[in-house]
Amino acid sequence: MVFVLWAVATILFLMFRLMPSNPLAAYIDPTFTIEQQAILMAKFGLDKPLWEQYFIYLWNLLHGELGDSFFYRQPVGQRVLELLPNTLILTFSSLIVAYMFGIIAGAWLAWKRDTFAERVSIPMVLATRAMPEFWLGMLLLAVFSFSLGWFPAGGTRSPGSEYSGYLALYTSRDFLAHLVLPALTLAIYSQGLPLLLMRSNMLEVMHEDFVTMARIKGLSNWTVVVRHAARNALLPVMTSFAISVGYQIQGNVVVETVFSWPGLGRELVNAVSASDYPLAQGAFLMIAVVVVLMNLLADLLYGLLDPRVSHA
Amino acid sequence: MIKFSHLALALALGAIATQAQAAGDKIREITITTRPQAAQPQEFQSAQLIAQEWRKLGLDVKVDVMPWEQMADLVWYNRDKWDTTGWQMVGRPERSDPDELIFNLFHSSTAPKGYNFIGYNNPDFDKTVEAQRIETDPAKRQELIHKAQSILADDQPNMMLVHPKSTFAFDKTVWNPATVIDQGGIGIKNTWTFLSMEPLGEQKDIILNSSDNIVSINPLYVSGATDSWITELIWDRLLRIGPDGLPQPWAAENYKWVDETTVELKLRDDMKWHDGKPVTVDDVKFSFEAAMGDEAPMYKPFVGNIQAIETPGDSRIIFKLANPSAAFVTASLAKLNIIPKHIWEPILTDLAASEDNAEDFQAEMPIGSGPYKFTSWTTNEEIVLSANKEHFSPPKADRWILRIVPNTEAAIGMLRSGEINFLADFSGDPKILLDLVEQDGDLEVVSTVDMGFRYVAFNHRRPPFNDPEFRKALSSAINRDLIVGAAFRGFAVKSNSVVSPALGFWHNEAVDNFPTGTDLAKSTLEKAGYELKGKALHYPDGVKETLGQ
Numbered sequence: 001m002v003f004v005l006w007a008v009a010t011i012l013f014l015m016f017r018l019m020p021s022n023p024l025a026a027y028i029d030p031t032f033t034i035e036q037q038a039i040l041m042a043k044f045g046l047d048k049p050l051w052e053q054y055f056i057y058l059w060n061l062l063h064g065e066l067g068d069s070f071f072y073r074q075p076v077g078q079r080v081l082e083l084l085p086n087t088l089i090l091t092f093s094s095l096i097v098a099y100m101f102g103i104i105a106g107a108w109l110a111w112k113r114d115t116f117a118e119r120v121s122i123p124m125v126l127a128t129r130a131m132p133e134f135w136l137g138m139l140l141l142a143v144f145s146f147s148l149g150w151f152p153a154g155g156t157r158s159p160g161s162e163y164s165g166y167l168a169l170y171t172s173r174d175f176l177a178h179l180v181l182p183a184l185t186l187a188i189y190s191q192g193l194p195l196l197l198m199r200s201n202m203l204e205v206m207h208e209d210f211v212t213m214a215r216i217k218g219l220s221n222w223t224v225v226v227r228h229a230a231r232n233a234l235l236p237v238m239t240s241f242a243i244s245v246g247y248q249i250q251g252n253v254v255v256e257t258v259f260s261w262p263g264l265g266r267e268l269v270n271a272v273s274a275s276d277y278p279l280a281q282g283a284f285l286m287i288a289v290v291v292v293l294m295n296l297l298a299d300l301l302y303g304l305l306d307p308r309v310s311h312a
Numbered sequence: 001m002i003k004f005s006h007l008a009l010a011l012a013l014g015a016i017a018t019q020a021q022a023a024g025d026k027i028r029e030i031t032i033t034t035r036p037q038a039a040q041p042q043e044f045q046s047a048q049l050i051a052q053e054w055r056k057l058g059l060d061v062k063v064d065v066m067p068w069e070q071m072a073d074l075v076w077y078n079r080d081k082w083d084t085t086g087w088q089m090v091g092r093p094e095r096s097d098p099d100e101l102i103f104n105l106f107h108s109s110t111a112p113k114g115y116n117f118i119g120y121n122n123p124d125f126d127k128t129v130e131a132q133r134i135e136t137d138p139a140k141r142q143e144l145i146h147k148a149q150s151i152l153a154d155d156q157p158n159m160m161l162v163h164p165k166s167t168f169a170f171d172k173t174v175w176n177p178a179t180v181i182d183q184g185g186i187g188i189k190n191t192w193t194f195l196s197m198e199p200l201g202e203q204k205d206i207i208l209n210s211s212d213n214i215v216s217i218n219p220l221y222v223s224g225a226t227d228s229w230i231t232e233l234i235w236d237r238l239l240r241i242g243p244d245g246l247p248q249p250w251a252a253e254n255y256k257w258v259d260e261t262t263v264e265l266k267l268r269d270d271m272k273w274h275d276g277k278p279v280t281v282d283d284v285k286f287s288f289e290a291a292m293g294d295e296a297p298m299y300k301p302f303v304g305n306i307q308a309i310e311t312p313g314d315s316r317i318i319f320k321l322a323n324p325s326a327a328f329v330t331a332s333l334a335k336l337n338i339i340p341k342h343i344w345e346p347i348l349t350d351l352a353a354s355e356d357n358a359e360d361f362q363a364e365m366p367i368g369s370g371p372y373k374f375t376s377w378t379t380n381e382e383i384v385l386s387a388n389k390e391h392f393s394p395p396k397a398d399r400w401i402l403r404i405v406p407n408t409e410a411a412i413g414m415l416r417s418g419e420i421n422f423l424a425d426f427s428g429d430p431k432i433l434l435d436l437v438e439q440d441g442d443l444e445v446v447s448t449v450d451m452g453f454r455y456v457a458f459n460h461r462r463p464p465f466n467d468p469e470f471r472k473a474l475s476s477a478i479n480r481d482l483i484v485g486a487a488f489r490g491f492a493v494k495s496n497s498v499v500s501p502a503l504g505f506w507h508n509e510a511v512d513n514f515p516t517g518t519d520l521a522k523s524t525l526e527k528a529g530y531e532l533k534g535k536a537l538h539y540p541d542g543v544k545e546t547l548g549q
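Here's what the structure looks like:
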């Protein structure tokens, strides 16, 4: 795990320095003097050779120091930690909705194999999966915010509202109203995977001996599907949930932009386009940590849900 | 063998043909650099139109599209590696004085590393802009500024395109339209509007949008365009640029030139910092001296001319300058923020001992004396300021709330739904806004000719752009009305001067009529010795293409 993070850190370091632009471009102004340019270069440590910059970077990382953003002149760690909760809440709420829906609908569709319901539903699921998030988000905005006025159009809170802390904010009605549309957009976009996964697993499981056994026992259709088949079909879906969390965090950029959501994805894109190496590295690294942690969690979870794994 | 002899014959004939026509080399493929359509639709479309017109002159033109970061790096740090590029300057209140733009963009001293990235060098021009800098008599200075504009019109160092119109909108059921102030060259999004705008109903908060994140709220750091809307409201200045573009008394009750290197001001006696302490002449002196030190590099160029600051008594402030400077009042006295000594002195002392400078410092609770007080800042989401009712010019609104909205379509939707009530940042097609006003009776849109401008820069370091005749021909090939109509949808006026017509006193109307047309361009090129062979334009006799393909 440490090795993975070191590799990520190194690749990030090299990748950003290969980009054909200059972090000073953000400062160009008619009053920008030569002395100022030199001061900035020295300040950012860009006047040092690359290998030296690399070792300073690694040394700082080991000490949990992500450096200062070139652009914002603030510690990267602080900025990233401020935005991370917004991103995590958006990601988790949308994925939980997507997976709950996906699991139930997937199981139901497996049950309804070869019926009219299936013939209608599958193309619909595929269509929502293929819709661009941007387009879907704008559509939801136009309908539910601009036309019907049910939900606010952007941000995490009403203009000028004050909250005593994160907890007060995240449990407020105001916040939840702002969360609905972006979370729904992401949920609609992500429900396809668990749904199709659940359905195909169910179809497989339904043919297994223990299901036939249950039927022979004379159990009701409901008990067979829910208590026996669905429980077993659920395992791979849970794993995919854990992994999706990691991947979803970086995939939020589009939704964060459409709904003015102050999250890590937008920050990352801005940092990359402003050649803000420390901030981009910090944000990527944070995402890498989440991905690695979620993978670990998936492994542990699997063992817990399916005792056969830990015995093997 | 047969093949070889054919080849030899062809080569020999070719050599004869070249000798017979005796002209310079064919001009290489030239490039015009622009930012992408998605980011800068007007610049991109202008570049396409221009390339099309230049091709009619027999030039091989390539449009090179790249994002801003890459373009800035190429143009700014690789000064001999590009031919022509789209560029823009934006309007700012302190640019109401023409000095900054007309000097820094063209004076030869800023060519190596400064803003004269095109490498323009004209000793006559240098002398003129140096002279206007020290001329404190407005009428004489106006003459010099006009002369500088004429020289530029003759040399065409850049190809000026348009002064865009800044377009903003607000909800006229929330704000009394009669109290919205249109500042010349800036538009209705300005400090005066934010002070005088009167609420009509229950909603007393000005809620506006910005597509950029806020970098910093710091009186000693010019960190971005949107950031400066905020610093202008939290901190006072001795003078402010009025809606007419001229400096007017603000924290100073009055100012006068005692002689050509001495300015005397009188500070108001009713000012308080947001923490309750009184604003004194010591604070003013400290504010300027802070910029003169090494901790606020971005403000240093504006105070370099100050030799001494004297504060005899409780309210008099006297600036002694090293050289006479006409722009000092606008560019320095109306630019520097007055900061509280009791807060900043210990901070600057600490910073002096560290590697960081004042630009790295972000106060938890910034304290100024301005008409709005800082209330809160949520990263990448919103800034809240509240009215300082004790100020000598108190705002009519209760709060000033800036929302970060990266999505333009969403910003328009928010304006209609009331989530914002002042559209302060709009990068889309202004026509869309006007259509919206027709649909939605609550909105009012105001367009103002901007102080800023769009142009195509020629790289004088690379022939043939070192030849004024060639530049003039290329510039005259472009019908600016076409650019205004096609690329800017009519939301711009054509330009032939870096001093905008919005700055009525300084703008030289004599340069406005710049004749254009493909035939005119062709005849200019012909007179200068350029020759069309086949369909390709060649250099004048004896001139080699040194830059290859």
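Going down the list, the sequences are from chains R and Y. Numbered per this note's numbering, the first sequence finishes at 312, counting up by one with no gaps. Numbered per this note's numbering, the second sequence finishes at 549, counting up by one with no gaps. Backbone N, C-alpha and C define an ideal beta-carbon position, used for all residues, glycine too. None of these values were measured; they are calculated from a predicted model.
Could you give the residue range of the alpha helix (DSSP H) that holds residue i?
i        : result
Gly137/R : Glu133 to Leu140
Pro178/R : Here the sequence assigns His to residue 178/R, which means Pro is not the residue at that position. Unbroken alpha helix (DSSP H) run through His178/R: Arg173 to Ser190.
Ile339/Y : Here Ile339/Y belongs to no alpha helix (DSSP H), and DSSP marks it neither H nor E.
Answer yes or no: does any C-beta atom of chain R fall closer than 8 Å to that of residue i?
i        : result
Asp64/Y  : no
Asp559/Y : In this structure chain Y extends from 1 to 549, so residue 559/Y is not present and cannot be described.
Gly413/Y : yes
Val405/Y : yes
Pro67/Y  : yes
Asp205/Y : yes
Ser216/Y : yes
Ser417/Y : yes
Ala322/Y : no
Give the DSSP-derived three-state secondary structure of residue i in the structure shown.
i        : result
Ser220/R : coil
Gln203/Y : coil
Ala127/R : helix
Gln48/Y  : helix
Thr330/Y : helix
Phe151/R : coil
If I follow the unbroken beta strand (DSSP E) through residue i, where does it start and stop?
i        : result
Leu105/Y : Counting along the chain, Leu105/Y falls outside any beta strand (DSSP E), and DSSP gives it neither H nor E.
Tyr170/R : Careful: Tyr170/R lies outside any beta strand (DSSP E), inside the alpha helix (DSSP H) at Tyr166 to Tyr170.
Ile561/Y : Residue 561/Y lies beyond the stretch modelled for chain Y, which goes from 1 to 549, so this question has no answer here.
Val456/Y : Phe453 to Phe458
Can you find a CB in chain Y that lies within less than 8 Å of the CB of residue i?
i        : result
Asn252/R : no
Ala274/R : yes
Glu82/R  : yes
Tyr72/R  : yes
Arg266/R : yes
Met286/R : no
Leu141/R : yes
Arg17/R  : no
Measure the Cβ-Cβ separation of residue i and residue j and say whether it is below 8 Å.
i        : j        : result
Val76/R  : Pro278/R : yes
Thr191/Y : Leu239/Y : no
Asn380/Y : Leu109/R : no
Met159/Y : Trp175/Y : no
Ile103/R : Val237/R : yes
Ala183/R : Gly413/Y : no
Phe286/Y : Lys341/Y : yes
Ile338/Y : Asp283/Y : yes
Ala576/Y : Trp54/Y  : Summary: the structure shown does not reach residue 576/Y, with chain Y confined to residues 1 through 549, and so no result is reported for it.
Throw me the rounded Cβ distance for the residue i and residue j pair, which I believe falls under 8 Å.
i        : j        : result
Val90/Y  : Gly452/Y : 4 Å
Phe491/Y : Lys165/Y : 5 Å
Ala107/R : Ala288/R : That belief does not hold up - the Cβ atoms of Ala107/R and Ala288/R are roughly 34 Å apart, past 8 Å.
Met486/Y : Val449/Y : Here the sequence assigns Ala to residue 486/Y, which means Met is not the residue at that position. Actually they do not touch by this definition, with Cβ atoms about 19 Å apart.
Lys533/Y : Ala23/Y  : 7 Å
Glu94/Y  : Ile241/Y : 7 Å
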